[in-house]
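Enquirer:
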């Protein structure tokens, strides 16, 4: 059968690195193409690298059919689950695949909600909608990585320059470091990637240090500390003065009460 390459499907999964492709090519040249290619009709949906190697060297291969799909999205979901089941897939690739799956499922869920609106606005019959969990915990479970890694991959997906994304894919930089660098302007990200692994590590370290500085409480200068100490001393002195005045008032009140009693006694004697 003739095999058709669907470019969108071929590019849907991250390509192998040069080292990985070379290793696969050596394996196929030594042992042949052991795993069958998977097709949906005449469209190749799994085994693009094996097919390219076999075509290059004129090697034979086997193919099998998978007709359990109704559209391209079904194929994409199958491709994602198929790759997530492979041990050679990196954590970054797993996170990206799981997020792609989330996008498809979310899109389908939205379409289902729109279709569930009854044609008759007076109808009170509600069509049940199945809403799969789309939490980061669920995405992390599907990908087999931590929830924190999912957060970092989302940040890379949204803000990282293509050069930085490629550096993560190549293993030049870790996911956490790339997530930190993704907060920088695009031109600074590209410059850090061009500088190599050490430059990337230094850029990530600087971003983290700045973040810690922003979170730390502001340092009080020596002058400000002296002023604060003077204010505290003055406050203590004022409190002491107030306390002394209160004692004087209390003493005067007691003397006044005694004088009032003496005057009352004298008035009684004069009346007699």
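Numbering (my numbering), first residue to last: 1 to 272. No residue lacks a Cβ here, since even glycine has one placed at the ideal position from N, Cα and C. None of the values given here were measured: they were computed from a predicted structure.
1. Please report the distance separating the alpha-carbon of residue 178 from that of residue 2.
2. Considering only the alpha carbon of each residue, which of 99, 87, 6, 62 lies closest to residue 72?
3. What's the gap between the Cα of residue 146 and the Cα of residue 137?
4. Do residue 16 and residue 49 have their CB atoms nearer than 8 Å?
5. Grouping DSSP H, G and I as helix and E and B as strand, with all else coil, what is residue 165?
6. Apart from the five residues just before and just after residue 94, which ones in its own chain have a Cβ nearer than 7 Å to its Cβ?
7. Measure the beta-carbon distance from residue 173 to residue 207 and round it to whole angstroms, keeping in mind my assumption that it falls under 8 Å.
8. What residue range does the beta strand (DSSP E) around residue 99 cover?
9. Residue 149 and residue 175 look like a contact to me (Cβ under 8 Å); what is the Cβ gap, rounded to whole Å?
10. What separation, rounded to the nearest whole angstrom, lies between the Cα atoms of residue 8 and residue 26?
11. In chain order, what residues of the same chain have a beta carbon less than 7 Å from the beta carbon of residue 36, not counting five sequence neighbours either side?
12. From 188, 151, 193, pick the residue whose C-alpha is nearest to that of residue 163; which is it?
13. On the criterion of 16 or more Cβ atoms from any shown chain inside 10 Å, does residue 273 qualify as buried, or is it exposed?
14. Taking the beta strand (DSSP E) that residue 37 belongs to, which residues open and close that run?
15. Can you tell which of 242, 109, 31, 75 has its C-alpha closest to the C-alpha of residue 41?
16. Quick one: Cα of residue 127 to Cα of residue 114, how far?
17. Would residue 102 be called buried (16 or more neighbouring beta carbons within 10 Å of its own) or exposed?
18. State the DSSP-derived secondary structure class of residue 63, mapped to helix, strand or coil.
19. In terms of residues, what are the limits of the beta strand (DSSP E) holding residue 44?
20. Do residue 154 and residue 99 have their CB atoms nearer than 8 Å?
21. If I measure Cβ to Cβ from residue 13 and keep anything under 7 Å in the same chain, skipping five residues before and after, which residues do I get?
Expert: Judging by the given coordinates:
1. The count along the chain shown starts at 1 and reaches residue 178 at position 178. The count along the chain shown starts at 1 and reaches residue 2 at position 2. About 42 Å.
2. By one-based count along the chain shown, residue 72 stands at place 72. Checking every option, the nearest Cα to that of residue 72 belongs to 6.
3. Reading the chain shown from its first residue, position 146 is the one you call residue 146. Reading the chain shown from its first residue, position 137 is the one you call residue 137. C-alpha separation (whole angstroms): 8 Å.
4. By 1-based counting over the chain shown, the position of residue 16 is 16. By 1-based counting over the chain shown, the position of residue 49 is 49. Taking 8 Å as the Cβ cut-off, residue 16 and residue 49 qualify as a contacting pair.
5. Within the chain shown, numbered from 1, the residue matching residue 165 stands at position 165. Three-state result, residue 165: helix.
6. If you number the chain shown from 1, residue 94 lands on position 94. When the five nearest sequence neighbours on each side are left out, the beta carbons in the same chain lying within less than 7 Å of the beta carbon of residue 94 are those of 84, 143, 144, 145, in order along the chain.
7. Locating residue 173 in the chain shown gives position 173, where the first residue counts as 1. Locating residue 207 in the chain shown gives position 207, where the first residue counts as 1. About 12 Å separates the two Cβ atoms, so there is no contact after all.
8. For the purposes of this step, residue 99 is taken as residue 99 along the chain shown, with counting starting at 1. For residue 99, there is no enclosing beta strand (DSSP E); the enclosing alpha helix (DSSP H) covers residues 91–115.
9. For the purposes of this step, residue 149 is taken as residue 149 along the chain shown, with counting starting at 1. For the purposes of this step, residue 175 is taken as residue 175 along the chain shown, with counting starting at 1. Correct: roughly 6 Å between the Cβ atoms.
10. Residue mapping note: residue 8 aligns to position 8 of the chain shown, counting from 1. Residue mapping note: residue 26 aligns to position 26 of the chain shown, counting from 1. If you take the alpha carbons of residue 8 and residue 26, they lie about 27 Å apart.
11. For the purposes of this step, residue 36 is taken as residue 36 along the chain shown, with counting starting at 1. The answer, listed in chain order, is 62, 63, 64.
12. Residue mapping note: residue 163 aligns to position 163 of the chain shown, counting from 1. A check of alpha carbon separations from residue 163 across 188, 151, 193 identifies 193 as the nearest.
13. Outside the displayed span of the chain (1 to 272) sits residue 273, for which this structure offers no information.
14. The residue you call residue 37 lines up with position 37 of the chain shown. Taken as a continuous stretch (DSSP letters only), the beta strand (DSSP E) holding residue 37 covers 37–40.
15. Looking up residue 41 in the chain shown gives position 41. When only C-alpha atoms are compared, the closest one is 75.
16. In the chain shown, counting from the first residue as 1, residue 127 sits at position 127. In the chain shown, counting from the first residue as 1, residue 114 sits at position 114. Its pLDDT being 41, under 50, residue 127 is placed unreliably in this model, and the coordinates cannot settle the point.
17. Here residue 102 is taken as the residue at index 102 of the chain shown, counted from 1. Per the 10 Å Cβ criterion, buried.
18. Numbered from its first residue, the chain shown carries residue 63 at position 63. The three-state reading of DSSP puts residue 63 in strand, counting E and B together.
19. On the chain shown, residue 44 is found 44 positions in, with the first residue counted as 1. Segment 43–46, the beta strand (DSSP E) holding residue 44.
20. In the chain shown, the residue the question calls residue 154 occupies position 154. In the chain shown, the residue the question calls residue 99 occupies position 99. Yes, Cβ-Cβ distance for residue 154 and residue 99 is below 8 Å.
21. In the chain shown, residue 13 corresponds to position 13, counting from 1. Answer for residue 13: 79, 83, listed in chain order.
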